[in-house]
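Peer 1:
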Amino acid sequence: MESILITVFWIVALLYSVVIHEVSHGAVAYSLGDPTAKNLGRLTLNPLKHLDMFGSVMLPLISFFLGGFIFGYAKPVPYNPLNLSDRKYGPAKVAIAGPASNIFLAVLFGITLRFLPDIFSSSLVPELLGIVVMLNLFLAVFNLFPIPPLDGHWLLLTFLPARFTEVRTFLYKYGLLLLFVFLFFIFPLLMPLLRGLFRLLTGIGF
């Protein structure tokens, strides 16, 4: 029963973490003058508005049954970069908003876990808080890598000199392949970094 509760909580925490991530993109875009997300009703924390059948349902279930890290994503919140008041750095600001929201959640729940009263130490509360922290650290670090369609590639393209057009072409041509290689072969090597950040925030191991 306890393991079922933890699994359900993990999926719910993942869902709301990716929803907050996506809404943050739309909120920053709206603050910069683009009403696309608002007009489509996507500036809401209602998860039903952001569900992606594969990323929000099938992928978490597949990763669960494979016994690995439960992973997923929400339907991206659209925006029109041509509407942004800051045409040069606006896309980067919109992009960084997603990972920034995950970092905020990781810090918030990490500090809560670090200073949690001893009365909760023998309950499930520390483990549940730890799940939220690790999930959001994962989402932040993962999305900051400069591979399409991850947020990090917008940061790279914003500050990449115009003469490096080959890099842009390469990223968009081989983005899905690069993402596959990164997700299955490179990102697992970063788990020590995530565990280190987790310990830094919470004072305990994961």
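For what it's worth, the UniProt record's numbering labels the leading residue of the sequence shown as 1, then goes sequentially.
For every residue, glycine included, the Cβ atom is placed at its ideal position computed from N, Cα and C.
Looking at the secondary structure, which residues open and close the alpha helix (DSSP H) in which P146 lies?
Peer 2: Taking the sequence shown and counting its residues from 1, the one referred to as residue 146 is at position 146. Careful: P146 lies outside any alpha helix (DSSP H) and carries neither H nor E.
Peer 1: Whole angstroms is fine: what's the gap from I131's alpha carbon to I62's?
Peer 2: The residue given as residue 131 occupies position 131 in the sequence shown. The residue given as residue 62 occupies position 62 in the sequence shown. The straight-line gap from Cα to Cα measures roughly 19 Å.
Peer 1: Taking L157 as the reference, give the member of E127, A92 and N46 with the closest Cα.
Peer 2: Residue mapping note: residue 157 aligns to position 157 of the sequence shown, counting from 1. For the residues E127, A92 and N46, the minimum Cα distance to L157 belongs to A92.
Peer 1: Determine the DSSP secondary structure at T44, reduced to helix, strand or coil.
Peer 2: Here the question's residue 44 lines up with position 44 in the sequence shown. Correct three-state label for T44: coil.
Peer 1: Relative to the C-alpha of F187, which candidate in Y174, A74, S3 and I147 has its C-alpha closest?
Peer 2: Here residue 187 refers to the residue found at position 187 of the sequence shown. Taking only the C-alpha atoms, the option nearest F187 is I147.
Peer 1: By Cβ distance below 7 Å, which residues in the same chain neighbour N102 in space, the five residues on each side in sequence not counted?
Peer 2: For the purposes of this step, residue 102 is taken as the residue at position 102 of the sequence shown. Only S17, H21, N136, L139 and A140 meet the Cβ criterion.
Peer 1: Indicate whether residue 207 and F159 have their beta-carbon atoms separated by less than 7 Å.
Peer 2: Within the shown structure, residues of the chain are numbered from 1 to 206, placing residue 207 beyond reach of any answer.
Peer 1: Counting Cβ pairs, one atom from each stretch, are 3 or more of them under 8 Å apart for the segment 110-120 and the segment 166-174?
Peer 2: Touching, no, given that fewer than three Cβ pairs across the two stretches are closer than 8 Å.
Peer 1: For A95, which of F69, F142 and P126 has the nearest alpha-carbon?
Peer 2: Working through the sequence shown from its first residue, we reach residue 95 at position 95. The shortest Cα separation from A95 among F69, F142 and P126 belongs to F142.
Peer 1: Alpha helix (DSSP H) containing F109: first to last residue?
Peer 2: Counting from one through the sequence shown, the residue named residue 109 turns up at place 109. Per DSSP, F109 belongs to the alpha helix (DSSP H) from G90 to R114.
Peer 1: Would you kindly report the start and end of the unbroken alpha helix (DSSP H) that includes G203?
Peer 2: Your numbering for residue 203 matches position 203 in the sequence shown. Taken as a continuous stretch (DSSP letters only), G203 belongs to no alpha helix (DSSP H), as it is neither H nor E.
Peer 1: Using 10 angstroms around the beta-carbon of G26, count the other beta-carbons present and answer buried if the total reaches 16, otherwise exposed.
Peer 2: The count along the sequence shown starts at 1 and reaches residue 26 at position 26. So G26 ends up on the buried side.
Peer 1: Where do the N-terminal and C-terminal ends of the alpha helix (DSSP H) with K173 fall, by residue?
Peer 2: By 1-based counting over the sequence shown, the position of residue 173 is 173. T165 to V181 is the span of the alpha helix (DSSP H), which, as asked, contains K173.
Peer 1: Report the residue from K75, T44 and G33 whose alpha carbon sits nearest the alpha carbon of D52.
Peer 2: Locating residue 52 in the sequence shown gives position 52, counting from the first residue. It is K75.
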